[in-house]
Amino acid sequence: MEKLSFKTNINCNNCIAKVKPFLNQVENIENWQVDINNADKILSVSGEEKLNAEEVIEAVQKAGFSIEKQ
1 MEKLSFKTNI
11 NCNNCIAKVK
21 PFLNQVENIE
31 NWQVDINNAD
41 KILSVSGEEK
51 LNAEEVIEAV
61 QKAGFSIEKQ
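1 is the number of the first residue of the sequence shown in UniProt numbering; add one for each residue after it.
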């Protein structure tokens with residue numbers, strides 16, 4: 001299982017709802033969550049060993065949010 005973390009501007013439950021369909025389409029993601037209580041709004045993603053950070057970044061950007069790998 002691989003785990004990745006990203007700093008985002010996903011800051012509320014409505015934002016999470018907007019990004020959900022985009023992240024759910026990324027292959028190899030088994031689980032993801034956003035810590036909206038953290039000042040850096042950390043997106044944690046876990047999944048298959050072939051988890052691709054670029055695909056996660058692209059999905060979040062398509063949803064209209066900023067993201068950078070930690």
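For every residue, glycine included, the Cβ atom is placed at its ideal position computed from N, Cα and C.
Whose C-beta lies closer than 7 Å to the C-beta of residue i among residues of the same chain, with five residues either side of it excluded?
i	result
Ala39	none
Which first and last residues belong to the alpha helix (DSSP H) in which residue i is found?
i	result
Phe22	13 to 24
Glu27	Glu27 -> no alpha helix (DSSP H), and no H or E assigned at all.
Lys50	Counting along the chain, Lys50 falls outside any alpha helix (DSSP H), and DSSP gives it neither H nor E.
Pick out whichever of the options has its Cα sitting closest to the Cα of residue i.
i	options	result
Ser44	Ile67, Lys18, Ala63	Ile67
Cys12	Val26, Ile36, Ala63, Ile42	Ile36
Glu27	Lys69, Ile57, Phe65, Gly64	Ile57
Pull up the CB-CB distance for residue i and residue j, whole angstroms please, since I reckon it's below 8 Å.
i	j	result
Glu48	Glu2	7 Å
Ile51	Ile16	It is Leu, not Ile, that sits at residue 51 in the sequence shown. Actually they do not touch by this definition, with Cβ atoms about 20 Å apart.
Grab the span of the beta strand (DSSP E) containing residue i for me, first residue to last.
i	result
Lys69	67 to 69
Which residues does DSSP pair with residue i in a beta bridge?
i	result
Val45	Leu4, Trp32
What does a CB cutoff of less than 8 Å around residue i pick up in its chain, not counting 5 residues either side in sequence?
i	result
Ser5	Ile42, Leu43, Ser44, Val45, Lys69, Gln70
Excluding the 5 residues flanking residue i on each side, which residues of the same chain have their C-beta closer than 6 Å to its C-beta?
i	result
residue 72	In the structure displayed, the chain extends from 1 to 70; residue 72 sits before or after that span and is not available.
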